Amino acid sequence: MSAQTVALGAGVHRGWIEFRQSVANAQDVWGAIFPPAVSLVVMYLLRDNTVPGTDASLGSQAVPGILAMNAVLTGLMGLAVTLTMDREDGTLLRAKATPNGMLGYLTGKVISRAAVTVASLLIVLVPAAFLFGGMELGRVTTWATLVWVLVLGLFATLPIGAVLGSLFSSAQSMSFTTLPLMGLVAVSGIFYPINGYPEWLQWIAQVFPVYWLALGLRSALLPDQLAAAELTESWRHLETVLVLGVWAVAGFLVAPVVLRRMARRESGSSVAARREKALQRPM
Numbered sequence: 001m002s003a004q005t006v007a008l009g010a011g012v013h014r015g016w017i018e019f020r021q022s023v024a025n026a027q028d029v030w031g032a033i034f035p036p037a038v039s040l041v042v043m044y045l046l047r048d049n050t051v052p053g054t055d056a057s058l059g060s061q062a063v064p065g066i067l068a069m070n071a072v073l074t075g076l077m078g079l080a081v082t083l084t085m086d087r088e089d090g091t092l093l094r095a096k097a098t099p100n101g102m103l104g105y106l107t108g109k110v111i112s113r114a115a116v117t118v119a120s121l122l123i124v125l126v127p128a129a130f131l132f133g134g135m136e137l138g139r140v141t142t143w144a145t146l147v148w149v150l151v152l153g154l155f156a157t158l159p160i161g162a163v164l165g166s167l168f169s170s171a172q173s174m175s176f177t178t179l180p181l182m183g184l185v186a187v188s189g190i191f192y193p194i195n196g197y198p199e200w201l202q203w204i205a206q207v208f209p210v211y212w213l214a215l216g217l218r219s220a221l222l223p224d225q226l227a228a229a230e231l232t233e234s235w236r237h238l239e240t241v242l243v244l245g246v247w248a249v250a251g252f253l254v255a256p257v258v259l260r261r262m263a264r265r266e267s268g269s270s271v272a273a274r275r276e277k278a279l280q281r282p283m
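Residue numbers (the UniProt record's numbering): 1 to 283.
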């Protein structure tokens with residue numbers, strides 16, 4: 001058995017342990033479900049409104065968007081923040097000092113964040129099924145599509161979180177990425193098809209994986225007739241696979257390189273300096 005295989009196995013084990021710790025931590029659970037819970041309440045208040053040109057509930061139409069937003073916040077941003085926190089407390093430095101430690105570390109973080117994201121999506125989807133009508137949850141194709149969209153979507157977005165976490169030296173500095181990321185979410189048509197956007201904005205939205213993740217989730221959960229409200233009036237499954245696949249491959253090629261370069265700059269003195277700086281921050 002090669003050293004890389006051992007490191008991957010250790011990473012999988014570590015990811016499972018971190019996932020169990022997260023679901024046992026009330027603060028982590030609350031942080032994962034609070035934003036989508038608020039969105040569900042808002043959509044429930046709008047449940048009597050319908051998608052223009054159809055009799056479909058606006059609330060049920062927005063549920064896939066809520067799930068997509070939760071995947072971005074819990075998965076992508078969650079991984080980025082975790083990486084910066086581990087840089088501050090020296091966890092990353094200890095991983096660097098272990099043979100193939102960075103491989104095991106990254107594997108564990110991706111698995112734990114992916115598991116937390118999927119669990120939080122299910123926690124939101126269950127009450128949504130009772131609050132809103134019109135979702136096609138009884139079809140086998142619904143769950144099959146949901147699985148491949150989530151897998152590809154997480155593979156496409158989690159490496160972005162790893163890269164962002166490598167670029168910023170502290171969790172506090174990560175706050176500068178929140179506004180641009182929320183801007184990307186806003187233009188990506190997470191809650192509503194992007195047909196009404198200017199053409200140039202439509203092209204920008206389609207470059208990034210967030211749009212395709214939301215579109216794929218809508219295709220899984222909503223009736224087929226609602227595809228008429230989308231760009232090109234279809235769910236575009238082939239394009240979804242291609243774009244998310246390209247982002248996933250690119251991310252898993254780029255993220256390890258960025259992480260290794262960042263790890264090479266880590267030292268005991270840099271960790272101590274960040275700790276000292278953190279202690280000087282106003283409470």
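Cβ coordinates follow ideal geometry from the N, Cα and C atoms, glycine included. These figures come from a predicted structure and were not determined experimentally.
{"Check": "By alpha-carbon positions, which one of W30, G104, T82 and L93 ends up nearest to T5?", "Outcome": "G104"}
{"Check": "When you compare the CB positions of G59 and R47, do they come within less than 8 angstroms of one another, or not?", "Outcome": "yes"}
{"Check": "Looking at the unbroken alpha helix (DSSP H) that takes in A228, where does it start and where does it end?", "Outcome": "Looking at the DSSP string, A228 is not in any alpha helix (DSSP H), and its letter there is neither H nor E."}
{"Check": "How about L121 and A248: are their beta carbons less than 8 angstroms apart?", "Outcome": "no"}
{"Check": "Just the Cα atoms here: how many angstroms apart are L83 and Q225?", "Outcome": "42 angstroms"}
{"Check": "Can you tell me whether M182 is buried or exposed, with buried defined as 16 or more other CB within 10 angstroms of its CB?", "Outcome": "exposed"}
{"Check": "Please list, in chain order, all residues of the same chain as S22 whose beta carbon is under 6 angstroms from its beta carbon, the five residues on each side excluded.", "Outcome": "D28 and V116"}
{"Check": "Exposed or buried, what is R236 when buried is set at 16 or more other beta-carbons lying within 10 Å of its beta-carbon?", "Outcome": "buried"}
{"Check": "Answer with buried or exposed for I17, where buried requires no fewer than 16 other C-beta atoms within 10 angstroms of its C-beta.", "Outcome": "exposed"}
{"Check": "Give me, in chain order, the residues of the same chain whose beta-carbon lies closer than 7 angstroms to that of P193; leave out the 5 immediate sequence neighbours on both sides.", "Outcome": "A229, E230 and L231"}
{"Check": "How many angstroms separate the CA atom of V254 from the CA atom of P198?", "Outcome": "32 angstroms"}
{"Check": "By how many angstroms is the C-alpha of V185 removed from the C-alpha of V241?", "Outcome": "20 angstroms"}
{"Check": "Could you tell me if S219 is buried or exposed, where buried requires 16 or more neighbouring beta carbons within 10 angstroms of its beta carbon?", "Outcome": "buried"}
{"Check": "In its own chain, which residues sit with a C-beta less than 8 angstroms from the C-beta of L76, not counting the 5 before and 5 after it?", "Outcome": "T157, L158, I160, G161, L164 and L181"}
{"Check": "On a Cα-Cα basis, can you pick out the residue from I33, A24 and P99 that is closest to V126?", "Outcome": "I33"}
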